[in-house]
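Beneath this line is the structure, given in structure tokens, with notes to follow.
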Ligand code: SF4
Ligand code: SF4
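Numbering (my numbering), first residue to last: 1061 to 1263.
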């Protein structure tokens, strides 16, 4: 997979979940259209009167997720950048998404404000394959987050983790190791290791 392919899946799914945090720190989620993808940037818009707009203007962080018919899921966490050339970009969005004219006919479209996500982390998770497949990417200046589990040198080679792994993605060795691209991040190996040799990554 590539960043381009991941963003293309979000555009193909189009109606995806956008999550934000409100002023009281509570999670809020709604379905929003992915309007454009250009130069590894994702564009969307919302009306100035909506709570979503206020939340984007306040905290700027947004988490997006979409699933296609092949059970390939994309997650994108990033910073929503309010775009300055409002009318030009809204016109462009309406050209690429003509159905928007039915919702916001004529000049009413200019109540909408365009945003882009240019800096963020993408996670591709393919649940349609056995074993599952995952891969992480970054866009812009944001680094990828390390998640999941890893096995360290305290491993005594008992094999309990490999036996319990639902994706059979633990390889025998000294120490045993996890095929990170196929791991569910379920934590079963972590719970079963008798010597605490399995640790969470990135903490
Ligand atoms: S976290 Fe779950 S899927 Fe990943 S290696 Fe451990 S048991 Fe297997
Ligand atoms: S359960 Fe722990 S000690 Fe046993 S093989 Fe796995 S990592 Fe090593």
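Ideal Cβ placement from N, Cα and C applies to all residues, glycine included.
Paired residues, beta bridge with residue i - DSSP
i, result
"residue 1196", "1183"
"residue 1210", "1259"
"residue 1138", "1122, 1180"
"residue 1090", "1078"
"residue 1083", "Answer is none; residue 1083 lacks a bridge partner."
"residue 1132", "1186"
"residue 1174", "1105"
"residue 1237", "1231"
"residue 1127", "1133"
Endpoints, alpha helix (DSSP H) assigned at residue i
i, result
"residue 1249", "1248-1252"
"residue 1222", "1220-1224"
"residue 1154", "1146-1156"
"residue 1216", "Residue 1216 -> no alpha helix (DSSP H), and no H or E assigned at all."
"residue 1071", "1063-1073"
"residue 1162", "1160-1163"
Between the CA atoms of residue j and residue i - distance to the nearest angstrom
i, j, result
"residue 1083", "residue 1229", "41 angstroms"
"residue 1096", "residue 1124", "14 angstroms"
"residue 1078", "residue 1091", "6 angstroms"
"residue 1204", "residue 1262", "10 angstroms"
"residue 1215", "residue 1073", "43 angstroms"
"residue 1232", "residue 1094", "43 angstroms"
"residue 1063", "residue 1151", "26 angstroms"
"residue 1170", "residue 1148", "10 angstroms"
"residue 1070", "residue 1134", "7 angstroms"
"residue 1160", "residue 1154", "6 angstroms"
"residue 1220", "residue 1253", "7 angstroms"
"residue 1080", "residue 1110", "13 angstroms"
"residue 1108", "residue 1114", "8 angstroms"
"residue 1184", "residue 1065", "10 angstroms"
Residue range of the unbroken beta strand (DSSP E) whose run includes residue i
i, result
"residue 1259", "1258-1260"
"residue 1103", "1101-1107"
"residue 1098", "1096-1098"
Classification of residue i by the beta-carbon crowding that lies within 10 angstroms, buried from 16 upward
i, result
"residue 1117", "exposed"
"residue 1173", "buried"
"residue 1126", "buried"
"residue 1099", "exposed"
"residue 1076", "buried"
"residue 1206", "exposed"
"residue 1197", "buried"
Cβ-heavy atom distance, residue i to ligand 3, below 8 angstroms
i, result
"residue 1226", "For the structure depicted, ligand 3 is absent and the ligand set comprises only ligand 1 and ligand 2."
key: Stretch pair the stretch 1198-1215 + the stretch 1235-1246: three plus CB contacts closer than 8 angstroms   = With the cut-off at 8 angstroms, the stretch 1198-1215 and the stretch 1235-1246 touch.
request  = Decide yes or no for the touch test of the stretch 1129-1146 against the stretch 1171-1179: beta carbon pairs closer than 8 angstroms, at least 3 of them.
outcome  = Counting Cβ pairs under 8 angstroms, three or more are found: they touch.
ask   = So does the stretch 1240-1248 actually touch the stretch 1188-1198, counting three or more Cβ pairs closer than 8 angstroms?
value = Flag = yes, the stretch 1240-1248 and the stretch 1188-1198 touch.
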